[in-house]
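K.L.:
Residue numbers (my numbering), protein chains in the order written: chain Y, -15 to 61; chain F, 189 to 525; chain B, 274 to 1068.
Mind looking over this structure? Questions follow.
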Amino acid sequence: MSATETAAGVKSPPCRCLRTKNAYGTSPQSAENWLPGVHASSSYWCLLTQGPAGPDEHYVHLARCGPGRSCYDSPED
Amino acid sequence: MNQFVFADCTTESGALAQLSQNAKDGIVVKAGGIDLLDRMKEGLESPTKLVNIRNISSLRGIRETPEGLHIGPLTTLTEISEHPLIQSQYTIFSDACGNAATPHIRNMATLGGNLLQENRCWYFRSKDYQCLRKGKEICFAFGGLNQYHSIMDYGSCPAVAPSSAAVGLLGLNATVELTSAKRGKRVVGIKDLYVMPEANPTKFNVVEPDELLTAVMIPKPAAGTRSAYQKYGEKQSFDWAIADAGVVLEMDGNVCRRAVVTMGAASPVVRRSPQAEAALVGKPITEETARAAGKASMEGAQPLSMNAYKVQMFPVAIYRTVLLAAGQMGRDPRAAG
Amino acid sequence: MATTKSHPAADAANSTPKKTVKMPYGVPGYTLQDVERQVPTTEPPVLPVNADLEYIGKSPKRWDAHAKVSGSGRYTADIQLPGMLYAKFASSNVPHAKVVSIDTSAAEKVPGVKGVFVIENLLGGARLLNPSLEVSRYPIVRYAGQPIAAVAATQPHIAEEAALLVKVQYAPKPFVVDMEMARQSDAPPVFPGPANQGGSAGGGGGASDVPQTGNIHGPAVHKRGDAEQGFKDADFIVESKYTTQVQVHNALETHGVVADWKPDLLTVWASTQGTASVREELASFFKLPKSQVRVITEFMGGGFGAKFGPGNPGVVAAALSKQTGAPVRLMLDRKEEQLSVGNRPSSDQTLKIGAKKDGTLTAIQLISFGTAGCGTGAGCAGPATNLYQSASLHTEENDVFINAGPAAAFRAPGHPQGAFALEQTIDEMAEKLNMQPLEFRDKIDANPVRRVERQIIRESALWKSRNPVPNADRGPIKRGVGLSQSVWYRHIEMDSAAEVRVHRDGSVEVLSAVQDIGTGIKTVMAQILSEQFGVPPQQVSVKIGDTNYPVGPNSGGSVTTASLTPAVRDAAWQAAQKFLVSVAPALGTTPDDLVLTKGEVHSKSGHMQPIGFRRAAAKMDTSEVSAQARRVPDYDPKHYDTYGGVDVAEIEVDTEMGIIHVKRFFAVHDCGRPMNPSQVINQINGGLIQGTSYALYENRLLDPTYGLMVNANLDQYKIAGARDIPQLHVQLVESYIGQSSTDASGIGEAAGIISAAAAIGNAFYNATGVRIRSTPMTPAVVLETLSKAPQRSNA
């Protein structure tokens, strides 16, 4: 899963255990304008629980599975 | 482990002997198995013995008698719906059987099984709900999801009558023969076959554990009789009725001499509507009288929290079916079946 | 996650030697022209349009049709291995609880039970950065039907019986299954407050910032331009609220796997739409090298988006196989399928659009709430964002958690919901503007392919039969005709590779790990080899659905055909060139004198008479030549392509009964080059049927008092049956885009599922003069909608 940029600037990559259907496939650059819509319709799951909650019992999401969360596992380690 | 004995019977007396020798809980009659297997899979039924009557040939077939029709309970819904005499003179009954479920279910489902199936309330059908019908205190439908439930005469359980065939048979004043090895035969009218929930919530019908439904008898309709049945669901294919109507008209020229209007999906037990019938008797069948009958049928309706729409649908179902029976309107292409 | 950075392969492609080619571009009969592209020199010659091809673009019968209809095709549930055990989940029957204890002793004692596996937190070896954080041993139960443990036994009925004996002690927690109630500030929380994602202290939070308040995850805000100003600039504003229900995937084949754990290899037969995704996750979960995980999907019975990764069934079956030392089969039953493996989220949308008198859209604003159960993904702004040009856009999407099974991607995630609201609102605005639906869309949608599609619709007998005056029929049965557009996006999966082998006996085969989700990729792969070698498709061997073969794309996002077919064609082309090298000596010439076309080897110099492919193959200097190719990036990655269509529904509304009967659809769709038109039409037929079923019938019903789904079966969960399905007439628009060696695109998501409910909604308005703003459009909803209609003097 590659790092994602937003208007707010460069953020840390999401946890290596975050999964979504949209993890698969690449998109043309100019498709950026529809990404927010697609992201909000993405269902996420955690590799470790195979469910929508992480091992820490919080829900998993691109906006949540960042560093500082107790179960965060950096893809860069 | 839900292990059971499978007693395959080929004669009526053999089946009755199975039922009487072991007249205790856990012995269940299996005909087509349509409803029973669903209940077993959900864990609602864990029989110790299945008495398979499917292969009793003497209980299958349609016979014309001086009084009318004698139908074996193992006759399939397809056989009934395709029978020329039933189609022409007992149309309400062929319509009711021919529009139940799907063609493949109708090929397996028997008349007896259809009449004696248990209700389809989703609370009753779930092992997670211990409801009134299972001998507990609560009916979950009143305060829960009840969009498909009864709108009248429901007493303590608003599950609707599941059998379309019964709606047809009630209109024709049919009777059933119940046979016990010990007590012999008795004859019960269709309307008396069923038990109102307040009379005994855990009993759906009056058939005793040692009894077998051995025949269905339909009296010959009077001259000038025309009849029809239509049901409406959310879907046209493979759906339960949310509104249905059976209509039998005895015509004297242009005037209706006698009318029977029956409904299934309105109440826990199939019912006639005397109000609707009164709106037709002594009058010519017209759009106006048919509408009046439909309207009258909802007298006393008390819809639940989610099914007031059914009170709008029944009058239309009745009005259209009255005109269909009278030959004044075609079969509704949007009706289910 | 889709990335905004270009793919590394695209960068690499920039440095590869290029040649300039001319490719067909546009719609034959309308806009066809040539476009120049710079393509790698290794690419095969440009394919002409379908009319000039022998196999590609034609509709040979489905390659594996006989295997499917005869039952010889092996689906996951058909796999029988020596000593195989049958597993069954024990699942929660409460909607929200902490699991206090699990007692498996009774289950273990049942004769025939070989293993019991309890799902625990930290299963996959998770480590908590903050060990002081208290994590319960067992996951919190967040929905009824959540798997808790599984039993493996020698017979299925033993496993079923034993699963019932797993005793779970719950500490119940307050729950909420109704989205409106869940939005209240005092609603029972499905999750604790926002997870500490570290904020600035951790160098930034998650990758995008979305707040959480109570059960609401959101809003995810997206702005383009100044919507406030846009509404000020508008001459007309239309604002309405729309609601849609939860739909369950209910693929014909349920989720399931057969897992066989051996010391050196974990083999898993899976009903999956991504052999690669299952392999990746199982390897990551069990910390195995990917080379020691093999996933096989010879045949599968549908997924619709819910079959990515191994899921709980895959992980648990593999763990049970490891534990018992025997192969384990775990197939879900229909109830489990409906409760625990995904659904399409509901929506509650407030949509507002503004337009100038001339039809220019000045603003689109969408505020949406939806529930994906205890998961996320209820956003539905795709259509509002991407279907039409608007001077400004403001969307706020909110997920509302309830105690129900989590959503999963479902055929065009978010789009059927969004289109249901948007396309009716567009029609409503057209009426205010005194414009016809097609005319208004011509004004606000510049996409040249959609323009062609609208033209075809405009000229169709069905559209011409539409009375532009709503509620024109006087009787109780009212006819209506309405349309909707759809849009989907070009995604390419770069992990798409294939190998083509040519044998001395003249047989050819193609291999890829790709699975056939049901769309017919096997047939298309065969057609490509047929075009290259002149061998009929039925004589091509297609071997797919096995990770022993070159990696294939996961079938989601309408990527499979668009991603894989260029790799197949490139491999076929390269194998053909190797074949010519291999036969040239025996033919007494050099490879560059030879060309393989229409099943014959020709000499350019006239050195020899043409010789049939099979005869030539007999002269190969080795028994086999092969070539493997991977996906070359799209030729013009800066060009942004969408797929879509315009669908017209003709319906009859029985206004007395509240019953809608959809009589027919006329659907005009594009998907690049249709590789096999009949299979494309099959997908659109399926999409229209699924969309009709969504519009009228399907609904997951949760009992608010006890939190259980009351219709977790196919009796009361209502899916369109034979008589409910309209006549379907699909017309394909060939749309060449000059992007790859096959120029294929995708169709799965744009195929009718997006537009059906919206088109039915617009037809309903045309029939009755009343807007229907809620699905499913049951008699209850229709009668309620009609009862609120203003009384018309002439009605």
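We put the beta carbon where it would ideally sit given N, CA and C, even for glycine.
Taking just the CA atoms, how far does Lys315 of chain F sit from Gly231 of chain F?
P.N.:
Spanning the two alpha carbons is a distance of roughly 6 Å.
K.L.:
If you draw a straight line from the C-alpha of Ile801 of chain B to the C-alpha of Ala845 of chain B, how long is it?
P.N.:
When rounded, the distance between both Cα atoms is 8 Å.
K.L.:
For Asn393 of chain F, does the three-state DSSP call read helix, strand or coil?
P.N.:
DSSP places Asn393 of chain F in strand when its eight states are reduced to three.
K.L.:
Looking at C-alpha atoms only, which residue of Y:Pro39, Y:Leu2 and Y:Leu32 is the closest neighbour of Phe559 of chain B?
P.N.:
Among Y:Pro39, Y:Leu2 and Y:Leu32, the Cα nearest to that of Phe559 of chain B is on Y:Leu32.
K.L.:
If distances are taken between C-alpha atoms only, which option among F:Ala496, F:Thr199 and F:Asp520 comes closest to Leu247 of chain F?
P.N.:
Ranking F:Ala496, F:Thr199 and F:Asp520 by Cα distance to Leu247 of chain F puts F:Thr199 first.
K.L.:
Would a check of beta-carbon distances place Lys423 of chain F closer than 7 Å to chain B?
P.N.:
Yes, Lys423 of chain F lies at the interface with chain B (some Cβ there is under 7 Å from its Cβ).
K.L.:
Please classify Thr293 of chain B as buried or exposed, where buried requires at least 16 other C-beta atoms within 10 Å of its C-beta.
P.N.:
So Thr293 of chain B counts as exposed.
K.L.:
If I measure Cβ to Cβ from Ser234 of chain F and keep anything under 6 Å in the same chain, skipping five residues before and after, which residues do I get?
P.N.:
If we look at Ser234 of chain F and ignore the five residues flanking it on each side, its Cβ neighbours are Asn190.
K.L.:
Please list the terminal residues of the continuous alpha helix (DSSP H) segment that includes Trp736 of chain B.
P.N.:
Ala734 to Lys737 is the span of the alpha helix (DSSP H), which, as asked, contains Trp736 of chain B.
K.L.:
If you follow the beta strand (DSSP E) that Trp761 of chain B is in, where does it begin and where does it stop?
P.N.:
From DSSP, the beta strand (DSSP E) with Trp761 of chain B extends over Ile750 to Tyr762.
K.L.:
Take Ala474 of chain B and list the residues in its own chain whose beta-carbon comes closer than 8 Å to its own, dropping the five residues that flank it on each side.
P.N.:
Because Ala474 of chain B sits at a pLDDT of 31, beneath the cut-off of 50, its placement in the model cannot be relied upon, and the following sentence gives the value as read from the coordinates. None.
K.L.:
So if I threshold CB-CB distances at 7 Å, which residues from the region 585 to 599 of chain B count as touching chain Y?
P.N.:
For the region 585 to 599 of chain B, which is checked against every Cβ of chain Y, the residues closer than 7 Å are Asn585 and Val588.
K.L.:
Out of B:Val854, B:Glu772 and B:Val722, which one is the CA nearest neighbour of His942 of chain B?
P.N.:
For the residues B:Val854, B:Glu772 and B:Val722, the minimum Cα distance to His942 of chain B belongs to B:Val722.
K.L.:
Starting from Leu1001 of chain B, trace the beta strand (DSSP E) in both directions and tell me its first and last residue.
P.N.:
Residues Gln1000 to Val1006.
K.L.:
Buried or exposed: where does Phe674 of chain B fall if 16 or more other Cβ atoms within 10 Å of its Cβ makes it buried?
P.N.:
Phe674 of chain B should be labelled buried.
K.L.:
What does DSSP give as the partner residues of Cys647 of chain B in its beta bridges?
P.N.:
Paired residue(s): none; Cys647 of chain B is not in a bridge.
K.L.:
Identify each residue in the region 501 to 531 of chain B for which the Cβ-Cβ distance to at least one residue of chain Y is less than 8 Å, and report them in chain order.
P.N.:
The region 501 to 531 of chain B vs chain Y, Cβ under 8 Å: nothing.
K.L.:
Sorted by chain position, which residues of the same chain lie with C-beta nearer than 6 Å to Ala275 of chain B's C-beta, five sequence neighbours on each side aside?
P.N.:
Confidence at Ala275 of chain B is low in this model, with a pLDDT of 37, below 50, so its placement is unreliable and no value can be given for it.
K.L.:
Pick out whichever of B:Ser513, B:Ser878, B:Gly547 and B:Lys514 has its Cα sitting closest to the Cα of His528 of chain B.
P.N.:
Closest option to His528 of chain B, Cα to Cα, is B:Gly547.
K.L.:
Which whole runs of the beta strand (DSSP E) in the region 615 to 693 of chain B are 3 residues long or more, in chain order?
P.N.:
Entirely contained in the region 615 to 693 of chain B, the beta strand (DSSP E) runs reaching 3 residues are, in chain order, 620 to 628, 634 to 643 and 666 to 673.
K.L.:
Taking Cβ-Cβ distances below 8 Å as the criterion, which residues of the region 542 to 573 of chain B are in contact with chain Y?
P.N.:
Listed in sequence order: Gly547, Ala549, Ser550, Glu554, Ser557 and Phe558.
K.L.:
Rounded to whole angstroms, what's the CA-CA distance from Asp768 of chain B to Asp427 of chain F? Just pull it up for me.
P.N.:
Asp768 of chain B and Asp427 of chain F: Cα-Cα distance of roughly 45 Å.
K.L.:
When DSSP labels each residue in this structure, what does Asp718 of chain B get in the three-state scheme?
P.N.:
Asp718 of chain B: coil per DSSP, three-state reduction.
K.L.:
Would you call Gly632 of chain B buried or exposed, if buried means 16 or more other Cβ atoms sit within 10 Å of its Cβ?
P.N.:
Result: buried.
K.L.:
Please report whether the beta-carbon of Val504 of chain F lies at a distance below 7 Å from any beta-carbon of chain B.
P.N.:
It does: the Cβ of Val504 of chain F has a partner Cβ on chain B nearer than 7 Å.
K.L.:
Between Lys608 of chain B and the rest of its own chain, which residues show a CB-CB distance below 8 Å, the 5 nearest in sequence each way excluded?
P.N.:
Same-chain partners within the cutoff: Gly418, Ala985 and Asn986.
K.L.:
Any beta carbon from chain B within less than 7 Å of His45 of chain Y's own beta carbon?
P.N.:
Yes, contact with chain B.
K.L.:
Would you report the Cα separation of Ala703 of chain B and Val754 of chain B, rounded to the nearest angstrom?
P.N.:
Taking the straight line from one Cα to the other gives about 15 Å.
K.L.:
Establish whether the CB of Ser58 of chain Y and some CB of chain B are separated by less than 7 Å.
P.N.:
No, Ser58 of chain Y does not count as interfacial toward chain B.
K.L.:
Helix, strand or coil for Lys315 of chain F per DSSP?
P.N.:
Residue state, collapsed to three classes: coil.
K.L.:
Please name the residue, chosen from B:Ser951, B:Ile392, B:Ile413 and B:Pro461, that lies closest to Val439 of chain B on a Cα-to-Cα basis.
P.N.:
Nearest of B:Ser951, B:Ile392, B:Ile413 and B:Pro461 to Val439 of chain B, Cα basis: B:Ile392.
K.L.:
Give the secondary structure of Val813 of chain B by DSSP, where H, G and I count as helix, E and B as strand, and everything else as coil.
P.N.:
Coil, per DSSP.
K.L.:
On the DSSP bridge list, what partners appear for Ala422 of chain B?
P.N.:
DSSP output for Ala422 of chain B lists B:Ala363 and B:Val391 as bridge partner(s).
K.L.:
Please report the straight-line C-alpha distance between Ala654 of chain B and Ala680 of chain B, rounded to a whole angstrom.
P.N.:
Those two C-alpha atoms are separated by around 17 Å.
K.L.:
Using a Cβ-Cβ distance under 7 Å, would Ala636 of chain B count as near chain F?
P.N.:
No - not a single Cβ of chain F is within 7 Å of the one on Ala636 of chain B.
K.L.:
Given that Asp427 of chain F touches chain B, what residues does it touch there, using C-beta distances under 8 Å?
P.N.:
Lys991 and Gly994, listed in chain order.
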